[in-house]
Amino acid sequence: MFSFVIADLKKKILFIANDRFGVKPLYYYLKDSILLLASELKQFICYDLNLTINDEVVRCFLDTKYVDYSEETFYKEIMRFPKSHFCIIPFTEMPVLHFERYYSIKTVSVHENNIIEQFHNLLTDAVKLRLRSDVPVGFASSGGLDSSSILYIAHSLLKRNGLENNVQTFSAIFPGMNGDESEFIRLVERDLAVRSNYVNPLALFSMDDFERHIYHQDMPVTSTSYYAEWCVARKVNQQGVKVLLIGQGGDELLAGYHHHFYRYCRQLILKGQVSAYISQVKQYTSLKDIAASDVHRKVLNEVKIATKFKLRLASIEKGLHEKWNKINTLSEVLKTDLTETMLPSYLRSDDRDAMAFGLETRHPFLDYRLADFCFSLPDTYKIREGWQKWLLRQIDTGMPDA
């Protein structure tokens with residue numbers, strides 16, 4: 002991930018670029034002959050720019066919690082530099098930005114007879130590349146499939162060079178609370194004999210600390226998990242670790258969220274594949290230990306929910322409404338979650354929390370080769386037999402069955 006702003010004094014040009022998925026933030030202000038660039042919105046406040054609130058963006062944020070679906074920000078005069086783009090600006094009195102896209106998710110050739118092996122090799126190489134560092138590297142461990150897969154692959158790679166004893170993991174835990182994953186985190190800890198570090202955000206919470214977190218976020222937070230990230234990042238810094246590998250992106254590539262399953266089932270119904278739909282729901286409810294009637298209701302209501310959501314958008318911004326109204330397939334939902342809605346929100350929060358403590362986060366699942374590969378696969382490699390992220394569950398990382 003990167004944001005580059007390079008002044009070439011010999012060629013008299015300014016080169017600006019942002020990484021493929023917009024992991025690193027970059028904003029700009031351009032008016033008359035003034036061009037300002039910064040990594041945080043608050044940095045623009047130092048100047049007397051007469052900024053005005055962008056009401057449409059604010060309304061959409063309050064309605065949907067999303068703000069990264071376009072290059073607009075809460076201020077009309079400040080824009081986000083588009084991900085996957087670069088621009089070259091000659092040194093002139095009147096700077097003009099012409100953005101050029103250098104990356105889009107593309108379809109690549111896959112070999113049907115060894116898709117699992119191809120995926121495993123790509124993920125392993127993505128982890129290997131992100132282990133390169135001249136400072137200590139740690140691993141976020143939530144007890145979930147994504148972070149655990151990265152940890153097991155990294156542990157195997159480090160073991161080849163006798164470095165497995167240097168592995169440190171960092172986790173947020175919530176003892177006694179529903180959804181606490183301590184049991185699974187400790188299962189991994191025992192299996193790999195790694196050095197684990199835990200933080201309990203509820204025990205650490207104070208209004209002063211939360212206000213510091215909000216200050217670095219630059220905008221209202223939409224999830225309590227962001228404060229948990231803040232606490233983890235501080236712990237990582239206290240342990241002297243400067244690079245952290247995390248599992249963000251796995252859900253968006255491989256259909257890990259509940260609404261992905263419901264959209265996939267809706268797709269089966271619309272295609273007339275009723276028996277396949279019934280089979281998926283039967284297996285899904287068995288795995289999740291929930292009533293089939295609840296799933297049927299959510300799947301069949303998905304059309305109503307989507308319509309209600311789109312009608313709310315219609316009153317906000319016509320172009321956005323028209324764009325999201327065309328989203329029908331699972332692949333389209335995943336791509337939107339990856340590039341416009343869910344993941345950009347997580348990445349923005351993660352970067353703000355990490356950089357507040359001088360920490361670099363790396364995301365193996367956001368390797369562009371892996372993204373291209375996953376979006377070239379049929380949906381059945383993402384959801385099968387009631388399992389979400391089916392493909393990731395098939396690779397042999399050495400992880401025990403939970």
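In the numbering used here, the protein residues as written are 2 to 403.
All C-beta atoms in this analysis are idealised placements derived from N, C-alpha and C, irrespective of residue type, glycine included.
In this structure, H86 lies near E101, with their beta-carbon atoms less than 8 Å apart. Put simply, of L348, R267 and L36 the residue whose alpha carbon is nearest the alpha carbon of S226 is L348. Secondary structure at F366: helix, using DSSP grouped into helix, strand and coil. The way I'd put it, the region 185-199 does touch the region 129-143; three or more beta-carbon pairs between them come closer than 8 Å. The three-state secondary structure of G251, taken from DSSP, is helix.
T53 sits in coil when the DSSP states are folded into three classes, being neither helix nor strand.
Membership of C88 in any alpha helix (DSSP H) is not indicated; the residue belongs instead to the beta strand (DSSP E) covering H86 to P91. Contact between D373 and K107 holds: CB atoms are separated by about 5 Å, below the 8 Å threshold.
According to the DSSP assignment, R264 belongs to the alpha helix (DSSP H) that extends over H259 to L271.
With fewer than three CB-CB distances shorter than 8 Å, the region 330-340 does not count as touching the region 211-222. Just so you know, the alpha carbons of Y76 and I89 end up roughly 24 Å apart. It is roughly 22 Å from the alpha-carbon of T223 to the alpha-carbon of I79.
Residue nearest to G399 within the set L36, K160, I17 and V58 is K160 (criterion: CA-CA distance). Residue nearest to A357 within the set N114, Y104 and K236 is K236 (criterion: CA-CA distance).
DSSP, reduced to helix, strand and coil, places M80 within a strand of the structure shown. By the Cβ criterion, the region 172-181 is not in contact with the region 149-157, since fewer than three pairs of Cβ atoms, one from each stretch, lie closer than 8 Å. Going by beta carbons, E253 and L344 fall inside the 8 Å limit.
Rounded to the nearest angstrom, the Cβ distance from D352 to K32 is 26 Å, too far for a contact under 8 Å. Taking C-beta separations shorter than 6 Å and ignoring five residues to either side along the sequence, the partners of A18 in its chain run F5 and F87, following chain order. Here Y263 is actually not in contact with K289; their C-beta atoms are around 12 Å apart, not less than 8 Å. For K13 and I7, the gap between their C-alpha atoms comes out near 11 Å.
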